[in-house]
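Here the structure is laid out as structure tokens; the discussion comes afterwards.
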Amino acid sequence: LLVVIGVLSATHDIACDGYYMDALDEDAQARMSGLRVAAFRVAMLVGNAGLVYVGGRFGWLAGFGFAAVMFVALAAFHQLKLPRGESERRREPAADREDAPQRAASRLRHVATAYLSFLGQRGALVVLLFITTYKLGDALMFSMGKVLLRDLGVGTETRALINLVSVLSMIAGATLAGAWIARAGLRRCLLTITLLMALSEPLYLLLAGARLPMQLAAAYDVPSSVIALLWRPSLLTIAGVLAIEQFAGGMATAAQMIFIMRRCHPDHKAAHYAFATALYAFAQMATGTYSGHLYEAQGPVIYFAVTSVACIPALLLVNLIPTERRAA
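Using our numbering, the first residue of the sequence shown is number 94, and each one after it goes up by one.
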């Protein structure tokens with residue numbers, strides 16, 4: 094059942110991406126990218142907090158039932174109110190002259206051609222490298238950022254408040270980046286946004302550095318009264334670091350979305366976007382799998398130094414990638 098839900102969820106995600114690119118022109122896609130990130134974060138909040146609360150308070154049958162009713166209502170609203178995309182408007186009913194096996198074979202060939210054609214674009218290797226490495230440092234940071242806060246003694250309730258500040262900062266960054274790119278163009282904005290992302294990562298070293306004296310004191314059995322006197326970053330400092338990093342990360346997320354959309358062929362928008370985002374997700378999953386081992390083995394200072402260095406490939410590639418809209 095969970096596999097079926099996962100497949101349907103991924104299919105819905107691809108359909109949403111395809112509709113977004115089909116229904117909006119290039120400028121509108123850039124302008125709305127921040128709103129799209131904001132909507133995603135709100136959805137995560139509803140799922141991770143709202144539905145979990147309903148499930149814990151009234152039982153999981155009520156939680157999943159409420160989610161099902163909400164999805165049906167949204168599907169009905171979208172079917173009635175959303176405008177048709179460009180490909181739907183120009184689609185004409187055609188005579189069905191092929192039998193079922195021929196139709197199936199034809200569709201399979203079309204799907205294979207759609208995905209493989211992403212690799213036929215100019216500078217395909219550089220594009221693939223950029224997609225997989227662009228937010229590599231951000232992915233490593235996100236994997237262990239919560240663990241660092243816990244190690245610094247930040248309580249659960251305080252972490253929730255700090256996370257709220259982080260989410261709002263990411264939404265603000267994505268919204269600003271989308272509007273900026275729509276106005277100035279991706280080529281003029283991408284390098285600056287990438288630099289801001291790379292420069293924000295080392296800020297975590299300020300927080301990670303506070304763990305060193307605490308670790309040394311614990312290793313040599315220093316009394317707890319002395320450990321309590323050691324410097325620790327204030328909650329304001331922690332919230333400020335996370336807000337800055339998430340703001341820059343939100344800008345980078347919007348820029349990455351717009352870049353991927355620009356590299357999609359007009360005839361295969363959904364397939365190309367799905368292929369590119371799958372590569373990005375795989376890179377994040379791979380780094381996330383190893384991140385815990387690196388953090389435990391080397392400690393937070395070395396770990397967050399690695400996250401800073403992981404931004405270098407994106408900086409080296411940013412001036413080599415094509416940023417113009419892919420021609421038909």
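Here a beta-carbon is modelled for each residue, glycine too, at the ideal position from N, C-alpha and C.
Supposed close pair L138, L410 - CB separation, criterion 8 Å: Here residue 138 refers to the residue found at position 45 of the sequence shown. Here residue 410 refers to the residue found at position 317 of the sequence shown. With 8 Å as the limit, L138 and L410 do not qualify as a contact, their Cβ atoms being about 33 Å apart.
Residues of its chain near Y208, where Cβ-Cβ distance is below 6 Å and the 5 sequence neighbours each way are ignored: Residue 208 sits at position 115 when you count from the first residue of the sequence shown. Closer than 6 Å at the Cβ level, and outside the excluded window around Y208, lie A364, F368.
Beta-carbon spacing of V130, A267 below 7 Å: By one-based count along the sequence shown, residue 130 stands at place 37. By one-based count along the sequence shown, residue 267 stands at place 174. Contact: yes.
Beta-carbon proximity check, Q377 vs A270, cutoff 7 Å: Here residue 377 refers to the residue found at position 284 when the sequence shown is read from its first residue. Here residue 270 refers to the residue found at position 177 when the sequence shown is read from its first residue. Contact annotation: Q377 and A270 have beta-carbon atoms that are not nearer than 7 Å.
Spatial neighbours of K362 in its chain, beta-carbon cut-off 7 Å, leaving aside the 5 residues before and after: Counting from 1 along the sequence shown, the entry for residue 362 is found at position 269. The answer, listed in chain order, is G111, M114, D115.
Cβ neighbours of R418 in the same chain (closer than 7 Å, five flanking residues each side left out): Counting from 1 along the sequence shown, the entry for residue 418 is found at position 325. Excluding sequence neighbours, R418 sits near E119, R355.
Cβ neighbour criterion (16 or more within 10 Å) applied to P176: Against the sequence shown, residue 176 aligns to sequence position 83. A residue is called buried when at least 16 other Cβ atoms come within 10 angstroms of its Cβ; P176 does not meet this threshold and is exposed.
Alpha helix (DSSP H) segment containing Q214, residue limits: Against the sequence shown, residue 214 aligns to sequence position 121. Run containing Q214: none; DSSP gives neither H nor E here.
Alpha helix (DSSP H) runs wholly inside the stretch 191 to 273, at least 4 long, in chain order: The qualifying runs are 193 to 209, 217 to 226, 229 to 244.
Local conformation of H361 per DSSP, three classes: Here residue 361 refers to the residue found at position 268 when the sequence shown is read from its first residue. The answer is helix: DSSP assigns H361 an H, G or I state.
Beta-carbon spacing of P80, G216 below 7 Å: Past the edges of the chain, shown from 94 to 421, lies residue 80, and the structure says nothing about it.
C-beta atoms of L408 and I351 nearer than 7 Å: By one-based count along the sequence shown, residue 408 stands at place 315. By one-based count along the sequence shown, residue 351 stands at place 258. The answer is no: Cβ separation not under 7 Å.
Residue from F211, A197, G381 whose Cα sits closest to the Cα of I353: Numbered from its first residue, the sequence shown carries residue 353 at position 260. Checked all of F211, A197, G381; the closest Cα to I353 is F211.
Reference P295, options A275, V399, F164, closest by Cα: Taking the sequence shown and counting its residues from 1, one reaches residue 295 at position 202. Among A275, V399, F164, the Cα nearest to that of P295 is on V399.
Same chain, Cβ closer than 6 Å to M344, five either side skipped, listed in chain order: Sequence index remark: in the sequence shown, residue 344 carries index 251 (1-based). G266, A270, I286, listed in sequence order.
Between the CA atoms of L173 and T104 - distance to the nearest angstrom: Residue 104 sits at position 11 when you count from the first residue of the sequence shown. Residue 173 sits at position 80 when you count from the first residue of the sequence shown. Within the model, the alpha-carbon separation for T104 versus L173 is close to 21 Å.
Integer Cβ distance of G156 from V165, believed to fall under 8 Å: Taking the sequence shown and counting its residues from 1, the one referred to as residue 156 is at position 63. Taking the sequence shown and counting its residues from 1, the one referred to as residue 165 is at position 72. Not quite, the Cβ-Cβ distance comes to about 15 Å (not below 8 Å), so this is no contact.
DSSP three-state assignment for P406, whether helix, strand or coil: Your numbering for residue 406 matches position 313 in the sequence shown. It is helical.
Alpha-carbon spacing of Y366 relative to I107, whole angstroms: Taking the first residue of the sequence shown as 1, we reach residue 366 at position 273. Taking the first residue of the sequence shown as 1, we reach residue 107 at position 14. Cα-Cα distance, rounded: 8 Å.
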